[in-house]
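Have a look at the structure below before the remarks.
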Amino acid sequence: MGKKREVDDRFRKFGTVSFTSVTKINDFIDYLEKGKVMGSTCKNCGLAFFPPRADCYQCLQSDMEWFEVSGKGRLITYSTLKYAPVGFGDDLPYSIAILDYNAYKVFGRIDGLIPEEEIKVGMEMVTRVNRLPKGHLNYIFQKP
Amino acid sequence: MGQSAFVRGYPGSIRELAFEGYKEAMLDAQIPPKDIDASIVCSAPEYDKQRSPAGVFAEYLGLIPQPTCYLESLCSSSSMGLRLAYSLIKAGLHDVVAVIGFQKMSEISSEESQERMGRGADIQWESPFGTMMPAYYAMYARAHMEEYGTTPDDLALIRVKASTYGQINEKAVFRKPVSLEMFSDQNSPMSGPIASPLRIGDCCANADGSSCIIVASEEKARALSDKPVWILGLGAASASVNLAGRDLFTGLKVAQDAAQHAYKMAGVTPKDIDVAEVHDCFTIAEMMAYEDLGFAQPGQGTELIKGKKTYREGSIPVNIDGGLLSKGHPIGATGGSQIRTIVLQLRGEAGAMQVKDPEIGLIHNIGGVGLYGSVTILGR
C-alpha cells in the first residue's frame, strides 16, 4: 500500500450539503470559520469576483487576492421553498435570495429568523457567516 | 418528424422509448434507415444508467455503421441537435441527419430528479443552499411581479391556456382542464405552495418521452417531401450559470440574445411570426418568453395572456399543443417535440390544434435556468 495522499477537501463543509470538496479556493472556508465572507480580485487586472475564483478569464492570470464582502446589499429577489431537494428537507421552509452590492452580487439564504412577511424586495441586508450542524458553514442575509 | 406520447413511467427501456419517436419520424419521411447519413442523440445524461446512449440507439434503430454522437445542453439539447444537424448538412458532410431526443426520468424519484435538475445550476456555489428549478424560476417571477405588477393569477392564466390545448393533444401527459379558480381552491393540487410566488399549478411535470426530427439538404428535402419545412433562422446563446453573475431578473438574457440571432438570420421580425412554441417549464417562463421574443414589450406580457392574444385564434398563438405545462417535460425530447408541433402547424396538419394558415413559426427552447437559449425559426 502506498502512502496515503493528503487531500485538501475543506470545501465539503460548505452549505447544508456540498457537492464539491476539492477546489483551489478552499481558503474561502477558513475565512468563513473566522466569520468572513470573501470574494477574490485579480491582482493583475483588478477584476473582482463573487463567488471567488482561482483564475481570471479576462487576463488569464491566476494570481488572486481576497476581499471581504462587507456593507449593505439590496435584495433583488427571493423565493421561499415549501419543498426541498434530497438532503435539505430538515431546513424547510427556507428562502434563497440575491443581494446586489453594485460591484458584484451574492446568492445565498435569508436568515430563517426573519418572518416571510417582513422580506421585501429592495430592502437593505447584510451578508453574515452562519454555522450549520456537523461543522458545516454557509452565509445568510440579515437585516443590518 | 415524430414524437412518442409523453407519459409517466414509460414501460420500456430507453432504446425502446427512442424507437417510438423515431418510428413516427421515419414513417412521416418515408425513407429507409440507410438513407439517414448520421444521427445525433440528445438528452441530459444524469437520468440514465446507460453511458453514451448514441451508439446503443444507432444499433437499435438500424443507423449503423453511419456516424452518431451525443449532444447535451440540458432542456435545450434537441434544439442544439437541430443546430448541429444544420451545420453538418451546410458543411456538406451529410445530406440527411436524424436528431433524436429522449428522456426517461421515471427511473428515479421526483425528489431525486429535482435534486439532479438543480445540479444543472451551479453545484459549487448555489446547490449547497438547497436550490431547485421551481425556486430559481420563482425568483424571476418575484422580480417580474415587483418590477411590472404581474400577479400570481396572471401567471395562472398561462396554465389555464395550456390546459385548454393539453386536452386536445393526445401525446400530452396532463389532459385535464385547469381553471383559474383551482389556483385559489385549497382542495385543488394546483393551489399548493411550492416555491413562492409559484404554486404547483405553475410547474410542468416530469415525463418520459422521445422525439425525432429528420433534417435534409434542400435538394434532398425537395425530393423527399411535397411539403418541406425550411430552417430560416437559428439562434443560440449562453449566460452565467450562477445567478449572481447576471444583471437581468425580469427576463432571460439567453432568450433575448438567441432571438436576436435567429431573427437576423431569418430576416424577419417578431411581427412576422404566425405561431410559436415557447419553453413553458413554468408559467413565468412563458410570460418572460412573450417579452424576450418581442411579442410584447417588457412588462406587457400580461396583456397578451389577459387578452387571449396567445390563444389559437389570437394574434400570436403560443403553445397550441399544451406546452410543457400540459405535455410534460422529458428534457432531451422537449425541443424536438416543440419543433414537431411547429412543422405540423406549417404543413397544416395540426388537426384540432391547427392555427389558421401560418407561414412562419418560432421555437424557443431554454436549457437550465436561462443557462442555454435556443431560438429556431421555420417557414414553409
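Going down the list, the protein sequences come from chains A and B.
Count along the first sequence starting at 1, add 22, and that's the number in the working numbering.
Count along the second sequence starting at 1, add 22, and that's the number in the working numbering.
No residue lacks a Cβ here, since even glycine has one placed at the ideal position from N, Cα and C.
- Chain B has no Cβ within less than 7 Å of the Cβ of Val59 of chain A.
- DSSP places His386 of chain B in the strand class (E or B) of the three-state scheme.
- Counting only residues of its own chain and dropping the five nearest sequence neighbours on each side, Gly401 of chain B has a CB closer than 8 Å to the CB of Val251, Trp252, Leu254, Ala288, Leu368, Glu381, Ile382, Gly383.
- Taking 4 residues as the minimum length, the alpha helix (DSSP H) runs contained wholly in the region 115-198 of chain B are 132-140, 155-170, 174-188, in order along the chain.
- In the displayed model, Asp57 of chain B falls within a helix according to three-state DSSP.
- About 4 Å separates the beta carbons of Phe129 of chain A and Ala266 of chain B, which is inside the 8 Å limit, making them a contact pair.
- Contact of Pro215 of chain B with chain A is assigned, a C-beta pair being separated by under 7 Å.
- Residues of the same chain with a CB within less than 8 Å of the CB of Pro74 of chain A, apart from the 5 flanking positions on each side, are Ile47, Phe50, Met60, Gly61, Ser62, Met86, Trp88 in chain order.
- The contact set of Thr153 of chain B on chain A, defined by CB atoms closer than 7 Å, consists of Ile118 in chain order.
- Counting along the chain, Arg153 of chain A sits inside the beta strand (DSSP E) bounded by residues 146-153.
- The beta carbons of Glu308 of chain B and Val300 of chain B sit closer together than 7 Å.
- Put simply, the region 117-129 of chain B touches the region 61-73 of chain B. At least three CB pairs are less than 8 Å apart.
- Per DSSP, Arg96 of chain A is one residue of the beta strand (DSSP E) stretching across 94-103.
- Secondary structure note for Ser101 of chain B: its alpha helix (DSSP H) is the uninterrupted segment 99-112.
- For the region 154-174 of chain B, the set of residues with a beta-carbon nearer than 7 Å to any beta-carbon of chain A comprises Met154, Ala157, Ala160, Met161, Arg164, Ala165, Glu168, in chain order.
- When DSSP states are grouped into helix, strand and coil, Ala243 of chain B belongs to the helix group.
- If you look at Lys45 of chain B, you'll find it isn't in any beta strand (DSSP E); it sits in the alpha helix (DSSP H) that goes 36-51.
- The alpha-carbon of Pro75 of chain B is positioned some 7 Å away from that of Tyr92 of chain B.
- Scanning B:Asn264, B:Lys330, B:Pro320, B:Ala284 for the CA closest to the CA of Tyr170 of chain B turns up B:Pro320.
- Thr172 of chain B is positioned such that its CB atom lies no closer than 7 Å to that of Thr272 of chain B.
- Under the 8 Å Cβ criterion, the region 179-192 of chain B counts as touching the region 335-343 of chain B, having at least three qualifying pairs.
- Just measuring C-alpha positions, the residue of B:Met102, B:Ser135, B:Val290 sitting nearest Glu94 of chain B is B:Met102.
- Of the residues assessed, Tyr333 of chain B falls on the buried side of the cut-off, its CB having 16 or more other CB atoms within 10 angstroms.
- Taking each of B:Gly31, B:Ser65, B:Pro67, B:Gln25 in turn and checking the Cα distance to Leu49 of chain B, the smallest one comes out for B:Gln25.
- Burial of Tyr161 of chain A is indicated by the presence of at least 16 other C-beta atoms within 10 angstroms of its C-beta.
- Cβ contact annotation for Ala194 of chain B (same chain, cutoff 6 Å, sequence separation greater than five): Gly188, Gly344, Ser348, Lys349, in chain order.
- In the displayed model, Thr398 of chain B falls within a strand according to three-state DSSP.
- Between Ser149 of chain B and Phe41 of chain A, the C-beta gap is smaller than 7 Å, which places the two residues in contact.
- For the set B:Ser213, B:Pro54, B:Lys330, B:Met310, the Cα lying nearest the Cα of Met167 of chain B is the one of B:Met310.
- Only residues of its own chain outside the window of five on either side were considered, and among them Ile62, Val119, Val121, Val237 have a CB closer than 7 Å to the CB of Ala107 of chain B, listed in chain order.
- Per DSSP, reduced to three states, the secondary structure at Lys156 of chain A is helical.
- Taking the Cβ atoms as the reference, Asp175 of chain B lies roughly 7 Å from Phe205 of chain B, within the contact range of under 8 Å.
- Among the CB atoms of chain B, none fall inside 7 Å of the CB of Ser43 of chain A.
- Using a Cβ distance threshold of 7 Å, Ser128 of chain B and Asp279 of chain B do not count as a contacting pair.
- For Thr356 of chain B, the uninterrupted alpha helix (DSSP H) run begins and ends at 353-369, by DSSP.
- Against chain B, the CB of Val29 of chain A has no partner CB under 7 Å away; the residue lies outside that interface.
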